[in-house]
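Step one of this worksheet: look at the structure below.
4 protein chains.
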Amino acid sequence: MNDVQNQTDKRNIDIQKVGVKDVEIPLVIQRKLNGGKIDSQRVYAKAKMSVSLNREFKGTHMSRFIEILNDYRKQNLVGVDIKKMLHDMRERLGSKNAYVKFDFKYFIKKNAPKSGLEALMCYDCYFEGILDEDDYKFYLGAKVPITTLCPCSKEISDYGAHNQRAIVKVKISYPEDKHIWLEDLIKSIEKTGSSEVYSLLKREDEKAVTERAYENPKFVEDVLRDIVLELQNNKIINFFEVEIEAKESIHNHNAWAYQKTCKENFS
Amino acid sequence: MNDVQNQTDKRNIDIQKVGVKDVEIPLVIQRKLNGGKIDSQRVYAKAKMSVSLNREFKGTHMSRFIEILNDYRKQNLVGVDIKKMLHDMRERLGSKNAYVKFDFKYFIKKNAPKSGLEALMCYDCYFEGILDEDDYKFYLGAKVPITTLCPCSKEISDYGAHNQRAIVKVKISYPEDKHIWLEDLIKSIEKTGSSEVYSLLKREDEKAVTERAYENPKFVEDVLRDIVLELQNNKIINFFEVEIEAKESIHNHNAWAYQKTCKENFS
Amino acid sequence: MNDVQNQTDKRNIDIQKVGVKDVEIPLVIQRKLNGGKIDSQRVYAKAKMSVSLNREFKGTHMSRFIEILNDYRKQNLVGVDIKKMLHDMRERLGSKNAYVKFDFKYFIKKNAPKSGLEALMCYDCYFEGILDEDDYKFYLGAKVPITTLCPCSKEISDYGAHNQRAIVKVKISYPEDKHIWLEDLIKSIEKTGSSEVYSLLKREDEKAVTERAYENPKFVEDVLRDIVLELQNNKIINFFEVEIEAKESIHNHNAWAYQKTCKENFS
Amino acid sequence: MNDVQNQTDKRNIDIQKVGVKDVEIPLVIQRKLNGGKIDSQRVYAKAKMSVSLNREFKGTHMSRFIEILNDYRKQNLVGVDIKKMLHDMRERLGSKNAYVKFDFKYFIKKNAPKSGLEALMCYDCYFEGILDEDDYKFYLGAKVPITTLCPCSKEISDYGAHNQRAIVKVKISYPEDKHIWLEDLIKSIEKTGSSEVYSLLKREDEKAVTERAYENPKFVEDVLRDIVLELQNNKIINFFEVEIEAKESIHNHNAWAYQKTCKENFS
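Chains as they are written, first to last, in the working numbering: chain A, 1 to 267; chain B, 1001 to 1267; chain C, 2001 to 2267; chain D, 3001 to 3267.
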């Protein structure tokens, strides 16, 4: 059969990215347990993959992306495997650059603050890798829910203060010989809210969480600055992007704040 | 050209609903102004339309739905026009039954509680009409944001109480010789929260809203019961369905409550 | 601490449903392998749970839903466990009725039609259970993608025919002493399209799929009728609801068809 | 009342963006009619706004964003007003930088290719403006649905070819003394598909659209290259970003291609 994709193209345009997206796939992700032991978790993921396409070729071979996914889905993925996968993609598709993003649902056990009862929290996370000629970058991302309690509302009101669920979206990068666990990244974000968010709270826990939030009022600006301080002080991290969005309980719109920083050693 | 849709079908199955959905369209909706005057608002809408299809026909004529939409989109719609439109659909498509739902974005001016400053609130609303042989039913729907403040959290905590944005979804029906304005339905829902939600609040308003919520703690169960009382006591309404969903500020999941009631005169 | 939820309520209203929703949780679902063997799959799920609340109580105990989820999430779920879970919910929450719905992402291996290459397909599925006093109902649901090719477009055009991805949403019920596997339900739906949808297709497969669709043109009405015939003829099924929605490639809106049937033995 | 926002902050961090998002608002957008006449269209929009916040201030004044929106929502917006609005935001909020994005639903009349029948198409569009000290940038964005028909499927099959709805997302920038109408941008994208997408098609139109797509097979790579050529050749445009995503009718995942280009005169 004629291979239309391999026909020559005369428009003289190198394509930066072409591939597949919204491919649903189960993945195995390495995780860190309490005590530092390592095992793995099978997660639900959506894959977005692409390669560059040279000007002389009419099209890429879409089915090869799915075949590569099939090869990698049973391995224990951490950052280092993403690089290997990108090299494989590049080779099997004959391209200069390669890109992959896995958005996945990640569960972590969390204990209630007083009763100590354990339940699972689910976080939207991602691994993103870019191989641009010889330059490899890896990004780790997570969406972390927290509570914010408004300092202005507390200050001006005789009692009470409006508070709400807020979502922190964080994206970081670090050199390939380093490693940051999702468990640690998420924990460092959770502590920056007026209070943390939990799946299971008994009455004694609800009291603790309510009072902690009231003692600890924070604007989205405050949360952002505390996270920025945290990420700036982490020597391993050489790039970060943070967005916090608070689903204001007194409005039908949201408050948000955003920061993006490339440190010196990040080109 | 051969009309495939009019070919006979031998499977012997009457189809209950066949048509188009996610048709984006601007509509003109009648509205009630302060003081009771009536004018209209041009809204963004999504239409879902269908007719029944008799067992002898292979297919319906999809393009006619779009033509009918074109005829009606410039008219000032209220409940009564929906019935006329359904009769038109039935006639032009040669069917026994017809169905239409318009989901639309509806703006209402709202004043802040202390400063009196005016701003627009936007509500997701819908008109839904069913013509089943000679039986016509019209449904009016709205999603109304409110604030809920947790009575348990207030009771057990030395200070503060968690609160959050909650969404009430309400759907009502009433006889075709009666009329209920969206403005009145929405207002009656908004007053059932611990506090109302606003687009624009200055500091004096924020104080009022915060304190009102703290003075007025409510579970989703409380909000639901107050709405049910309100709708039961409204003699015009002969059917209602209510769901309230609170985006808990201390959890990453939601609390919800639901009730559906058909009064005696509703078959 | 004071238990506010147990306080008496004077509004005299029994609440039909109150509980939690959008609780993200990993579940273990029993599955049927090729050859009829049974094992299980760990899936990502969202839980929606509720109980009824008697008029004398002010509120339900939300944290108990999460505790019950924790107990059940490690078991191998099939329809029968849902009933047990509902009885547990009712008992631990002191209510007359209980409700649960698990929406989950379910993977099934599928072979390409010619090359036989294997890859995973992911389907949005759900288990839904209702315990209303002594009446128990279980619903099984799935969203199944297929291809539809327009018979009218084929008939009137000198060559080609527009075709598109369509989604079938199917919901069925059957008596509690019977069982239908998701694998079998999904397979029976997939064969009703102009062609099936696959994750991995090589060139020889793409040729087969393209030609099969062209040889087998179908309106949404045709797909609906074929599914209705299939479900009517299945003696085990006593209730079904089907919606098919085609993402028309020549429009920016969708065509849809819908049918709902309760057989005699379903009250 | 104490103005908490004006308190000093000691963390020494300038915030890049802080503001409001998901503010639903009706806007008035200038539009170009057939024949070149200009009038305006009232649209449904969602606003995202922010300013920078100097290190010495604890918080911004969220309510002022809503007040500014209220001032601008009745004006006829085109690119030039966005700049004025950003200057206003900066002044009223005492900041160095300002940002605004309006996502809106935009209707354009479109005639069927043979019958000439007219109906409305709705496009997701946006205006985005950034004022960074003295540097002003304006971006115009649109999502445009088209049809793609697979060249490989056509080549290898004895008859037929799979085709599908595809969505082009385009974002462009041009100097502030120039102007490009959404109507012209959208038209230039629509012609790059295998065929265009319409709201209303009678049988003669459906034949024309089907045959045109079959005569004109295109990969996502082909569509991307044709759009890149078009945008490169437009001397007014100094930046563009294009993504095309095809909802493959034979798969349950999508094919995509992406390109981003800054021309010389764009810093």
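Glycine included, each C-beta is placed from N, C-alpha and C at the ideal position.
query, result
"Just to confirm, is the Cβ distance from Pro2175(C) to Pro2217(C) under 8 Å?", "no"
"Does His3162(D) have its Cβ less than 8 Å from a Cβ in chain C?", "yes"
"According to DSSP, simplified to helix, strand and coil, what is Phe3065(D)?", "helix"
"Quick check: the Cα distance between Lys143(A) and Lys105(A), rounded to an integer number of angstroms?", "10 Å"
"Taking Cβ-Cβ distances shorter than 8 Å, what residues in chain D pair up with Leu1201(B)?", "Ser3063"
"Suppose the cutoff is 6 Å on Cβ atoms and the five residues either side in sequence are ignored; what does the same chain contact list for Phe1958(C) look like?", "Nothing about residue 1958(C) can be reported from this structure: the residues present for chain C run from 2001 to 2267 only."
"Write down the C-beta distance between Thr8(A) and Lys58(A) rounded to the nearest angstrom, noting that I regard them as a contact closer than 8 Å.", "7 Å"
"Secondary structure at Gln1007(B), three-state DSSP: helix, strand or coil?", "coil"
"Within 10 angstroms of the Cβ of Asp2003(C), are there 16 or more other Cβ atoms? Answer buried if so, exposed if not.", "exposed"
"Check distances from the C-beta atoms of the stretch 2126-2156 of chain C to those of chain E and list, in chain order, the residues that come in under 8 Å.", "Among the protein chains of the structure shown, namely A, B, C and D, there is no chain E."
"Could you spell out the range, first to last residue, of the beta strand (DSSP E) harbouring Thr3147(D)?", "Asp3135 to Leu3149"
"What residues of chain A sit near Arg3225(D), judged by a beta carbon separation below 8 Å?", "Asp9, Arg11, Ile13 and Ile15"
"Can you list the residues of chain A that Glu1211(B) reaches, using a CB-CB cut of under 8 Å?", "Ser157, Asp158, Tyr159 and Gly160"
"Is there a C-beta anywhere in chain C that falls below 8 Å from the one on Lys1169(B)?", "no"
"Please go through the same chain and pick out, in chain order, the residues whose beta-carbon is closer than 8 Å to the beta-carbon of Leu1053(B), but skip the five residues on each side of it.", "Asp1014, Ile1015, Val1018, Gly1059, Thr1060 and Ser1095"
"Any idea which residues DSSP pairs Val1020(B) with across the strands?", "Met1049(B) and Ala2255(C)"
"Can you give me the start and stop residues for the beta strand (DSSP E) that Leu2120(C) sits inside?", "Glu2118 to Asp2132"
"Since Arg3165(D) is in the alpha helix (DSSP H), which residue starts that stretch and which ends it?", "Here Arg3165(D) belongs to no alpha helix (DSSP H); instead the beta strand (DSSP E) covers Asn3163 to Ser3173."
"Please go through the stretch 194-262 of chain A and give each complete alpha helix (DSSP H) segment of 4 or more residues, from N-terminal end onward.", "203-215 and 220-233"
"Can you find a C-beta in chain C that's less than 8 Å from the C-beta of Pro113(A)?", "no"
"Measure the Cβ-Cβ separation of Ala2098(C) and Leu2069(C) and say whether it is below 8 Å.", "no"
"Taking the straight line between their C-alpha atoms, what separation do you get for Asn111(A) and Ala119(A)?", "6 Å"
"Using a Cβ-Cβ cut-off of less than 7 Å, give me the residues of the stretch 95-107 of chain A that come near chain C, in sequence order.", "Lys105 and Phe107"
"Does the beta-carbon of Val1100(B), which I'm using as the reference point, lie nearer than 7 Å to any heavy atom of the ligand ZN?", "This structure lacks the ligand ZN; in fact it carries no ligand of any kind."
"Output yes or no for whether 8 Å exceeds the beta carbon distance between Val942(B) and Met1001(B).", "Given that chain B is displayed from residue 1001 to residue 1267, the structure contains no residue 942(B) and the question cannot be resolved."
"Excluding the 5 residues flanking Ser2194(C) on each side, which residues of the same chain have their C-beta closer than 7 Å to its C-beta?", "Thr2147, Thr2148, Leu2149, Asn2163, Ala2213, Asn2216, Pro2217 and Lys2218"
"Thr60(A) touches chain D at which residues, Cβ-Cβ below 8 Å?", "Glu3221"
"Does the distance from the C-beta atom of Ile2167(C) to that of Pro2145(C) stay below 8 Å?", "yes"
"Which chain B residues are close to Asp3070(D), counting only those with a beta carbon under 7 Å from its beta carbon?", "The question names Asp, but residue 3070(D) is Asn in the sequence shown. Correct list: Ala1119."
"I want to know whether the stretch 1248-1256 of chain B touches the stretch 189-206 of chain A - three or more CB-CB distances under 8 Å.", "yes"
"From this set, Arg1011(B), Thr1210(B) and Asp1022(B), which residue's C-alpha is nearest Gly1160(B)'s C-alpha?", "Thr1210(B)"
"Cβ closer than 7 Å: which chain D residues qualify as neighbours of Cys1122(B)?", "Glu3024"
"For Lys3260(D), does the count of other Cβ atoms within 10 angstroms reach 16, so buried, or fall short, so exposed?", "exposed"
"Less than 8 Å between the beta carbons of Lys3187(D) and Ile3236(D), yes or no?", "no"
"So, helix, strand or coil for Asn1076(B), using DSSP?", "strand"
"Pick helix, strand or coil for Ile2029(C), following the three-state DSSP scheme.", "strand"
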